[in-house]
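*Asks:* Residue numbers (the working numbering): 4 to 329.
Ideal Cβ placement from N, Cα and C applies to all residues, glycine included.
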């Protein structure tokens, strides 16, 4: 078994190219594992390596396709954590596929024995690769145009209780909130189509509340209709219905998965609909400071996927939130 650092996955003299995909990992090596070797192991396992050299390495240009760990710095105020900077050849990734990008960057390395903990802190995506993703279709500029509201923050809220309301009472909450001064309301992450309120009923009563509030205030109002479902066929069905009844925005959950998010983002662009993402499930891998994925990275991936705006959390209230991150 040859150490990863000696197989070409560590190169302190590597000159980063503008076309490289760069990843910053926070590494906690296992006791007795050199930080440089741990960084090289992460680079190797997220690109071309296996646990040893094999003869099939000679069948391709491994020197070109190997990821390169080129810098390791101690994390300030820690004794066992290190920042590892790793560069990836852009050709390692399929164009426009977040599923393929993440399969390499986070697919296998988090269970690697050489590290006790691993966190993806940030990424730099080169312009040439970024252009292969559709990105957000509209964003805050178009949303302000549709709401006809400028010079002030957009004020929104989430319907509560999130579960248990009938469709009629749900629509009543939407109406009262919008009439009271909110610009929009939104569904919560786990309100989909349960026995107490089916999705079609919710959409109709929400739109009734939106239209009544708009008529009584003279302002354009809205509500984010959650179209998350068990299959993409059902997601598309709900999205089409939301458009038919007059909604200008739909909402999805992060737990739908990267490919599903990219797919509905394409639909939203083609149908001139705004797309909001709830970060449901994010804290399972973003909250721990030494293991998982920084929410900053998730935000970048979601913008690449085509989401117009993202549920970012708050610095006050019941949920954990880092003011600098938000």
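Could you give the residue range of the beta strand (DSSP E) that holds residue 196?
*Replies:* Here residue 196 belongs to no beta strand (DSSP E), and DSSP marks it neither H nor E.
*Asks:* Taking residue 309 as the reference, give the member of 168, 84, 140 and 145 with the closest Cα.
*Replies:* For the residues 168, 84, 140 and 145, the minimum Cα distance to residue 309 belongs to 140.
*Asks:* Short of 7 Å in beta carbon distance, which residues of its chain neighbour residue 160, apart from the five on each side in sequence? Order them along the chain.
*Replies:* Once the five neighbours on either side are set aside, the close Cβ partners of residue 160 are 180, 185 and 188.
*Asks:* To the nearest angstrom, how far is it from the Cα of residue 156 to the Cα of residue 314?
*Replies:* About 15 Å.
*Asks:* Please report the residue range of the alpha helix (DSSP H) in which residue 214 lies.
*Replies:* From DSSP, the alpha helix (DSSP H) with residue 214 extends over 202 to 220.
*Asks:* Roughly how many angstroms separate the alpha carbons of residue 113 and residue 119, rounded to a whole number?
*Replies:* Residue 113 and residue 119: Cα-Cα distance of roughly 9 Å.
*Asks:* Would you list the one or two residues that DSSP bridges to residue 235?
*Replies:* Partner(s): none; residue 235 has no beta bridge.
*Asks:* Among residues of its own chain, excluding the 5 on either side of residue 241, which ones have a beta-carbon nearer than 7 Å to its beta-carbon?
*Replies:* Only 202, 230 and 232 meet the Cβ criterion.
*Asks:* Between which two residues does the beta strand (DSSP E) holding residue 161 run?
*Replies:* Residues 159 to 161.
*Asks:* Can you check the region 66 to 115 for any alpha helix (DSSP H) of at least 4 residues that lies completely inside it and give the ranges in chain order?
*Replies:* Listed in chain order, the complete alpha helix (DSSP H) runs (minimum 4 residues) inside the region 66 to 115 are 101 to 108.
*Asks:* Would DSSP call residue 230 helix, strand or coil?
*Replies:* Coil at residue 230, not helix or strand.
*Asks:* Less than 8 Å between the CB atoms is what I'm expecting for residue 101 and residue 270, so what's the real figure, rounded?
*Replies:* Going by Cβ atoms, the distance from residue 101 to residue 270 rounds to 16 Å, so no, they are not a contact pair.
*Asks:* Relative to the C-alpha of residue 208, which residue among 245, 22, 79 and 89 is closest?
*Replies:* Nearest of 245, 22, 79 and 89 to residue 208, Cα basis: 245.
*Asks:* Comparing alpha-carbon positions, which option in 239, 279 and 263 lies nearest residue 253?
*Replies:* It is 279 whose Cα lies nearest to the Cα of residue 253.
*Asks:* Helix, strand or coil, according to DSSP, for residue 257 in the structure here?
*Replies:* In this structure, residue 257 counts as helix in the three-state DSSP scheme.
*Asks:* Please name the residue in 136, 182 and 206 whose C-alpha comes closest to that of residue 220.
*Replies:* When only C-alpha atoms are compared, the closest one is 182.
*Asks:* Count Cβ pairs between the region 61 to 72 and the region 86 to 102 that sit closer than 8 Å; are there 3 or more?
*Replies:* These segments touch.
*Asks:* What's the call for residue 205, buried or exposed, on a 16-neighbour Cβ count within 10 Å?
*Replies:* Residue 205 is buried by the Cβ-count criterion.
*Asks:* Note the first and the last residue of the continuous alpha helix (DSSP H) segment covering residue 330.
*Replies:* Examination of residue 330 is not possible in this model, given that the chain is present from 4 through 329 alone.
*Asks:* Using three-state DSSP, classify residue 267 as helix, strand or coil.
*Replies:* Residue state, collapsed to three classes: helix.
*Asks:* For residue 121 versus residue 30, is the C-beta spacing smaller than 8 Å?
*Replies:* Yes.
*Asks:* For residue 227, tell me which candidate among 177, 259, 247 and 234 has the shortest Cα-Cα distance.
*Replies:* The shortest C-alpha separation from residue 227 is found at 177.
*Asks:* Locate the beta strand (DSSP E) running through residue 120, then write down its first and last residues.
*Replies:* Start and end: 118 to 127.
*Asks:* Note down, in chain order, each residue of its chain lying with its Cβ closer than 7 Å to the Cβ of residue 330, except the 5 sequence neighbours on either side.
*Replies:* Look at the range of the chain in this structure, 4 to 329, and you will see that residue 330 is not part of it.
*Asks:* Measuring CA to CA, which of 23, 249 and 260 is closest to residue 214?
*Replies:* Out of 23, 249 and 260, 249 has the C-alpha closest to the C-alpha of residue 214.
*Asks:* Counting C-beta neighbours from all protein chains within 10 Å, is the total for residue 85 16 or more, i.e. buried, or is it exposed?
*Replies:* Residue 85 comes out buried.
*Asks:* What are the residues that DSSP puts in a beta bridge with residue 187?
*Replies:* Beta-bridge pairing links residue 187 to 159 and 225.
*Asks:* Opposite residue 13 in the DSSP bridges: which residues?
*Replies:* Paired residues: 72.
*Asks:* Taking only three categories from DSSP, how would you classify residue 27?
*Replies:* Residue state, collapsed to three classes: strand.
*Asks:* On the premise that residue 131 lies in contact with residue 22, defined as a C-beta separation below 8 Å, what is that separation, rounded to the nearest angstrom?
*Replies:* Yes, they are in contact, since the Cβ atoms of residue 22 and residue 131 sit about 6 Å apart, within 8 Å.
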